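Below is one structure, written out as C-alpha cells; comments come after it.
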Amino acid sequence: MNRRLLKEIMLQRGFTAKRLAESIPIGKIVFWGRLWGISEFTLFEIQRISKIFQLDKKQIMLIFFDEKVS
29 MNRRLLKEIM LQRGFTAKRL AESIPIGKIV FWGRLWGISE FTLFEIQRIS
79 KIFQLDKKQI MLIFFDEKVS
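For the sequence shown, counting from 1, position 29 maps to 57 in the numbering used here; every step adds exactly one.
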C-alpha cells in the first residue's frame with residue numbers, strides 16, 4: 029500500500045479522510061486503519077476508490093498493490 033500516493037491524490041481532488049471514508053462507505057476509523065496498514069482495503073473498497081478518483085490500472089497497482097522485495 030502506497031499511502032503517500034493515495035494521500036496525494038486525495039489532496040489533489042479535495043478529499044479529506046472523512047469524506048473519502050463516507051464515499052466508500054466505511055467508518056473513518058476503519059479507513060485510517062487501512063491507510064496506515066493495520067488492515068487492508070477490500071476489493072470492493074479499492075473499486076470504489078478507483079471509481080471516485082477515476083484511477084487507471086497503473087495507478088491502482090501503484091497505490092494498492094506495491095511489491096515489496098526482501
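Just so you know, even glycine gets a beta-carbon here, dropped at the ideal spot from N, CA and C. Owing to the predicted nature of the structure, the values given are computational and were not obtained by experimental measurement.
With the rule of 3 Cβ pairs closer than 8 angstroms, the stretch 65-73 does not count as touching the stretch 43-50. By the 16-neighbour rule on beta-carbons within 10 angstroms, glutamate 73 is buried. Under the DSSP assignment, methionine 29 falls outside any alpha helix (DSSP H); it carries neither an H nor an E label. Exposed is the label assigned to phenylalanine 93, since fewer than 16 other Cβ atoms lie within 10 Å of its Cβ. Counting along the chain, serine 78 sits inside the alpha helix (DSSP H) bounded by residues 71-81.
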